[in-house]
Structure formats: C-alpha cells, structure tokens
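Novice:
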Amino acid sequence: MGYPGLREEVRRVYERDATERSYSCLRPRLLGIYRAEIVERDGDLMTVQVRYAWRDEVSDDDPPFVGCQGTGERAFVVDVSGEVARVVGMSGEQRLPPRG
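Just so it is clear: in the sequence shown, position 76 is 72 by our numbering, and no numbers are missing.
#1: For the alpha helix (DSSP H) holding Val35, just list the boundary residues, first then last.
#2: Between the segment 8 to 21 and the segment 34 to 41, can you find at least three pairs of beta-carbon atoms closer than 8 Å?
#3: On the criterion of 16 or more Cβ atoms from any shown chain inside 10 Å, does Val74 qualify as buried, or is it exposed?
#4: Give me the Cα-Cα distance between Arg31 and Thr67, rounded to the nearest whole angstrom.
#5: At the level of alpha carbons, what is the spacing between Tyr10 and Ser20?
#6: Relative to the C-alpha of Leu27, which residue among Leu92, Arg82, Gln65 is closest?
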C-alpha cells in the first residue's frame, strides 16, 4: 500500500473496531484487500479508500449470522508523520469503545 506496515495497520484497526451488516456481524476478519487508493492528502494525514473482502469469525448457518461474509469499502485516515504509518480514523460501522 506504499507505506511500510500500512496493510497490517489497516487490518489491525479493522479487525479491532469494525462491524458489518448493520451490526449483525460483530467480529469481521479482513481476508484480503482488492484496492487501496489515496483520495485525499493534507500534510501528514491522508485518506485511503480501501475495498476489501471479509468474513466474520463467529459466522455460522444460524440467524443472525447467515451471510456474515462479503466485500466492503471504507475510508481510513492515516497519519504518515512518523516512521510507521498509523491509522487514526476509519469510516463505517464500528464497535463502541469501552466506557471508563
């Protein structure tokens, strides 16, 4: 994806925070990235539009998990100011951070 470690960072943030299918699929795993395109750049921040394949780790044939796999597209905001690119934002459905 052009920056050292960026693919792994996108995977880490997606798998930690994302949900799919109107919050029915709560633990999606990134199976692969089809396309990644820089759509905006502002100083040390850039927005990368990523098209990907996913499958939920708890997916089975029982409702509501039927269909917990597919493709998706999200925007990732990436800070490239340091030695390693770091995702600082992601579009789309996400699990809420722990309260505390």
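We put the CB at the ideal spot given by N, CA and C, even for glycine.
Predicted model, so just to flag it, every value in this text is computed and none were measured.
Specialist: Checking against the coordinates, here is how it stands:
#1: That residue, Val35, is in no alpha helix (DSSP H); its beta strand (DSSP E) goes 24 to 38.
#2: Cβ pair count under 8 Å is below three, so no.
#3: Here Val74 is buried, its C-beta having at least 16 other C-beta atoms within 10 Å.
#4: Each residue's alpha carbon lies about 11 Å from the other.
#5: Roughly 16 Å separates the two Cα atoms.
#6: Nearest option by C-alpha distance: Gln65.
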